[in-house]
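Written below as C-alpha cells is the structure these notes are about.
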Amino acid sequence: MNESNTPPSPNDMGRPPVSTQAMSSPPPPPPGYLPPAYPAPPAQKGVVTKVLTSVVATLFILSILANIYLAFIVFSLTAGASEMEYRSGSSEQRVVIVPIEGGIDAVMEDYVTKSFKALKKSPPAAIVLRIDSGGGGVTASDQIWHTISQFKTDHPDTKIIASFGGVAASGGYYIATPADYIFCEQTGITGSIGVMAQIPALEDMIGLIGVEMNTLVADGSDRKAVANDLFQNWTNEEGELTQAGEMNQQVLKNLLNSAWDRFVQVVDEGRDTLDLDQVRELASGDIFTAQEALDNQLIDDIGYLDDAVDKAIEMAGLPAEDTRVTEVRRGGGGLLGLLGASTSNDGIDVTDLSAEGVRTWMQELGEVKLSYRVQYE
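Taken in order, the sequence shown gives residues 1053 to 1429; the numbers are from the numbering used here.
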C-alpha cells in the first residue's frame, strides 16, 4: 500500500473549507456617529436695544454711587469730632488738644461746641486750647466761652490749659479766660481787651448812580431807623455829626459799652491774680507782647504748644513719659472729616447779581456787627 508523508488537509479532517478571500478582508467598521446638532444663534439685537440697555445699567450704577455718597454725608454730619494722635502713649487717660485757629464766627462756634460735646462722651484728663485767633464776633466769642466754661463745670477734674500761638487777642483772649493756666509763645501778641463796630454809610455811593433810597418806619416805632439806616450819612459836608448821626452814635455806644462790660467781667472771673480795677485798666484795647502780658498777669507763662502739653500732663497728675496726647481734627467726624472736608456753607455769594442777590449783599454789608477783634496777624 502506497502511503504519503503529506499531512492531512482540513478537508481530510472533516472541517469546512476556509475561503482565503475571507481571511484577507477585515471586518467592516461600526457605523459612525453624527455630530450633535447645535441650536441656531439668536438673532442680533438692534442698536436701540443696546443703547437702552447701556443707559439702564449706567443709571443703576450711578444710583448706587449716589446712595453711598449720601450715606457718607449723613455719617459725617452725625458723627462727632475725630481725634488724631499727637503724642503716643499707653496710658488709659489722655490729653486732648483742641485747635481754635482763625476768625471767631458762627462756623467756629459750631465746631468748638461739637468738639466739646464729643469730649463729654469720654472726658480727657486735660484739654489744651491751642488758640491762634485775632477774635471775631461778640456773640460767637461769648458762646465759645460758655461752652468751655460749662464743660469745666460739668467735669471739674479735667484741667484746661490755653496755648497762644502768633496772636490770641480780643475774642481770642476772651475764650481763653476759663483756662486754669495760660501760655503765650515768645513772639505772640495778646490783650486787645475791648469792643468795636464798623458801620458803613452808603448815601454818597448811591448818589453817584442817581438813586435815592428812602426808609420808612411804623408810627409806633419811630426810633426804628436809628443806627439802622444804611443809606444815611452820619456827618454833613463839613464832617460834623448830624442830629441823626448823634442819635446813631448814642445807640451804638450803649451796645458797645455793654459788650465791654461783659468782656471785663469774664476776664475778672477768669484771672484770679487780677482784681476788677486792674482788669478795667487793662481793658483799654491795648495790645501786649508776651512779656508785657506776663508782667500784667494776663498770662501765666511764656512757652510753646509742647510746654502747654507738658503742663497739662503735670496738672492732671499723669505720667510724663507715657501719656497719650491726641488732637481734635477741625474737619469733624465721619469719613468727610477724615478727608478734611468742611460741611459748612457760610457767607454770601457776591457774584450773584440778581435783584435778590444784590439786596441780600447790601443787607449783609449794612448789618451792625459788634466785634471782639484785632487786625494784627
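C-beta: ideal position from N, C-alpha, C; glycine also.
The structure presented is a predicted model; accordingly, all values stated were derived computationally and were not measured.
| query | result |
| --- | --- |
| Distance, D1274 Cα to S1193 Cα | 32 Å |
| Pair within 8 Å by beta-carbon distance, A1364 and K1166 | no |
| Identity of the residues DSSP links to M1160 by a beta bridge | Its beta-bridge partners do not exist; DSSP assigns none. |
| Where I1116 falls, given that 16 or more other Cβ within 10 Å makes a residue buried | exposed |
| Nearest neighbour of R1376, chosen from M1136, A1249 and K1102 [CA to CA] | M1136 |
| Sequence-distant residues of the same chain with beta carbon closer than 7 Å to R1425, five excluded per side | G1186, G1187, G1188, S1222, G1223 and M1248 |
| Same chain, Cβ closer than 8 Å to Q1195, five either side skipped, listed in chain order | E1161 and T1165 |
| Nearest residue (CA-CA) to V1147, options E1264, D1358 and I1245 | D1358 |
| Contact check, V1190 vs L1346, beta carbons under 8 Å | no |
| When G1155, F1216 and L1104 are compared against V1361, the one with the closest alpha-carbon | F1216 |
| Residues near Y1138 by beta carbon distance below 7 Å, same chain, minus five either side | I1149, V1377, T1378 and E1379 |
| At least three beta-carbon pairs within less than 8 Å, the region 1275-1283 to the region 1295-1305 | yes |
| E1055 - DSSP class collapsed to helix/strand/coil | For E1055, the predicted structure reports a pLDDT of 49, less than 50, and the residue's modelled location is therefore unreliable. A value from the coordinates is still provided. Correct three-state label for E1055: coil. |
| Inter-residue spacing [alpha-carbon to alpha-carbon] between T1199 and T1110 | 48 Å |
| Of the listed residues S1142, T1325 and M1265, nearest to E1373 (C-alpha basis) | S1142 |
| Boundaries of the beta strand (DSSP E) in which L1181 is found, first to last residue | A1178 to S1185 |
| Beta-bridge partners of P1151, as assigned by DSSP | R1182 |
| Residue environment, V1331, which counts as buried when at least 16 other CB atoms sit within 10 Å | buried |
| Three-state secondary structure assigned by DSSP to F1315 | helix |
| Residue from L1254, M1265 and D1209 whose Cα sits closest to the Cα of T1287 | L1254 |
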